[in-house]
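Some notes on the structure that comes next.
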Amino acid sequence: MQLFKILLVLQSITLFHLVRGACETEDDLNFEDCNLIDLSDVVLTGICNRIGLDMVEHVLPTLIDDDDSSGEKKVYTHEQYAMGAEECIMVEAEMERLAMEDPEELERMEREAMAEDPDILAEIISDVLQQDAQLLKDVATKIKDAADHADIVKDITEGMLSEGETLEDRPDVLGYLVATIMVEDPSFLDEFDAQLAEEFYGEDYDSEDYWDEEDPDDIGHEILEDEL
């Protein structure tokens, strides 16, 4: 009889999950019977990664007051990861709204973000460059030929490249260099915008969906805007 009861419970649990449906990925979210709290920390982290934010480095420290100055790595709870993912979803929604309703305000915010923390943009650009060897080579060549920014290029390459290394060997350094220049010159990579965006949006990327080609002020300077 005891085994029979256990079997009934197991069958009930199985039936519940079949009726409820899967709740394992971001695509399964419906905020009714599949909520953020039901997803794993890995999936929750991936939600923030998708828009270019690191859950532990960028998101949770801004949401959670932590007076611990011990220097030890902070361990966050599952509930906090869910809270962080919710914040990333809200940030993404707000950016999509601004892109449609007030692109000038979005541009202003992006420039402020780049000025305050170019490291975030550097990470994004570095990731893109690592995925496309030809784009990496082309951007490295443009950097080397950037006479107007020769001092910045010299200072960063001398400080970050080891002997014998080139910018093509170090996409992380190249990404940091590009981000640093873009703080002063947002149009620096205009000619590569379509290639950069295609790496994120896929081969079906159409620049007309993202830029107003009739407005020269709206072309190119918002590099990877949805990832910031």
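Going left to right, the sequence shown walks through residues -21 to -1, 1 to 207 as mature numbering (1 follows the signal peptide of the UniProt record, and there is no 0) numbers them.
Just so you know, even glycine gets a beta-carbon here, dropped at the ideal spot from N, CA and C.
Note that the coordinates shown come from a computational prediction; the quantities given were computed from them, not determined experimentally.
- Inter-residue distance for aspartate 164 and arginine 90 is about 10 Å (C-alpha atoms, whole angstroms).
- Restricting attention to Cys67, Asn14, His128, Asp98, the CA atom closest to the CA of glycine 154 is found in Asp98.
- Going by DSSP, glycine 63 is part of the alpha helix (DSSP H) stretching over 57 to 80.
- Every alpha helix (DSSP H) of 4 residues or more that sits fully in the segment 79 to 160 is shown, in chain order, as 82 to 95, 97 to 110, 112 to 123, 129 to 139.
- Spanning the alpha carbons of tyrosine 60 and aspartate 6 requires a straight line of approximately 17 Å.
- Taking the Cα of leucine 42 as reference, the smallest distance to any Cα among His57, Asn28, Lys52, Met62 is reached at Met62.
- Closest in alpha carbon position to phenylalanine 167, among Asp124, Val54, Asp81, is Asp124.
- When secondary structure is reduced to three states using DSSP, glycine 25 falls in the helix class.
- Only residues of its own chain outside the window of five on either side were considered, and among them Val38, Cys67 have a CB closer than 7 Å to the CB of leucine 32, listed in chain order.
- With the rule of 3 Cβ pairs closer than 8 Å, the segment 97 to 117 does not count as touching the segment 126 to 135.
- For leucine 42, the uninterrupted alpha helix (DSSP H) run begins and ends at 39 to 42, by DSSP.
- Sorting Ile160, Thr24, Glu84, Glu86 by C-alpha distance to the C-alpha of aspartate 127 places Ile160 at the top.
- Distance from the CA of valine 157 to the CA of aspartate 12, rounded to the nearest whole angstrom, comes to 44 Å.
- Between methionine 34 and aspartate 44, the alpha-carbon positions lie close to 15 Å from each other.
- One alpha carbon belongs to lysine 121, the other to serine 141, and they sit about 21 Å apart.
- Per DSSP, reduced to three states, the secondary structure at valine 162 is helical.
- Apart from the 5 residues on each side of it in sequence, asparagine 28 sits with its Cβ closer than 8 Å to the Cβ of Met34 in its chain, given in chain order.
- Between lysine 116 and alanine 78, the alpha-carbon positions lie close to 31 Å from each other.
- Under a 10 Å Cβ-count criterion, alanine 64 is classified as buried, with 16 or more other Cβ atoms of the shown protein chains found around its own Cβ.
- A straight line joining the alpha-carbon of cysteine 2 with that of valine 21 spans about 13 Å.
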